[in-house]
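Colleague: In this note's numbering, the protein residues as written are 3 to 169. Beta carbons are placed, not taken as given, at the ideal position from N, Cα and C, and that holds for glycine.
1) Pick out whichever of 100, 75, 52 has its Cα sitting closest to the Cα of residue 153.
2) Give the list of continuous alpha helix (DSSP H) stretches no shorter than 4 residues that lie fully inside the region 6–69.
3) Got a sec? Which residues, its chain only, sit under 8 Å from residue 102 by beta carbon, not counting five neighbours each side?
4) Quick one: any contact between the region 137–153 and the region 91–105, if contact means 3 or more CB pairs under 8 Å?
5) Can the beta-carbon of residue 138 be found closer than 8 Å to that of residue 11?
6) Quick one: what's got a C-beta closer than 6 Å to residue 37's C-beta in the same chain, skipping five residues either side?
7) Can you name, in chain order, every residue of its own chain whose Cβ lies under 6 Å from the Cβ of residue 130, other than the five neighbours on each side?
8) Could you check if residue 161 is buried or exposed, using at least 16 other CB atoms within 10 Å of its CB as the buried criterion?
9) Figure out for me which residue from 27, 132, 49, 23 has the closest Cα to the Cα of residue 15.
10) Would residue 72 and residue 43 qualify as a contact pair, given that the criterion is a beta-carbon distance under 8 Å?
11) In the DSSP output, which residue or residues are listed as bridge partners for residue 98?
12) Please state if the CB of residue 93 and the CB of residue 58 are separated by a distance shorter than 8 Å.
13) Which value, in whole angstroms, describes the spacing of the CA atoms of residue 164 and residue 54?
14) Who does residue 139 pair with in a DSSP beta bridge?
15) Output the distance between the C-alpha atoms of residue 81 and residue 136, rounded to the nearest integer angstrom.
16) Using the beta-carbon count (16 or more within 10 Å), is residue 49 buried or exposed?
17) Grab me the residues of residue 132's own chain with a C-beta within less than 6 Å of its C-beta, minus the 5 sequence neighbours each way, in chain order.
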């Protein structure tokens, strides 16, 4: 598992979008400059994830006014991700990482068959990365369960604090 540090250039990637087509992080950074929260979530079946993604959608105008964009990634299958995206009216990219390649590059915890407790089968756990306009990691947090994740209000504070205190 990778161990990314603050200031590291985030791994670039291309992943399938839930609704079809591909999304490339590097391309999006150049096409739509600004900061980016890359958020890993468990899956469309996870009630805490659905609540969090809806919370982010409800706060999207605040973040976009600050030139901060969201990209969400799950190891869930594209069909279920697209149904979730449509059901909740999510307008930011929802991506599938079925092979866990990007999950591994970012060092996100994976709840596999070898995990010491049962938790809805195999899946990636929540993780958060705030990237600046160059793709450098300004903040990161990884979870080993569905609990303790920052919600939109905390993400606002995190981004504002980091921007205010940039060297």
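Modeller: The relevant details are as follows:
1) 52
2) 27–33, 49–60, 62–67
3) 77, 112, 126
4) no
5) yes
6) 70, 134
7) 41, 143
8) buried
9) 27
10) no
11) 76
12) no
13) 22 Å
14) 133
15) 32 Å
16) exposed
17) 39, 140, 141
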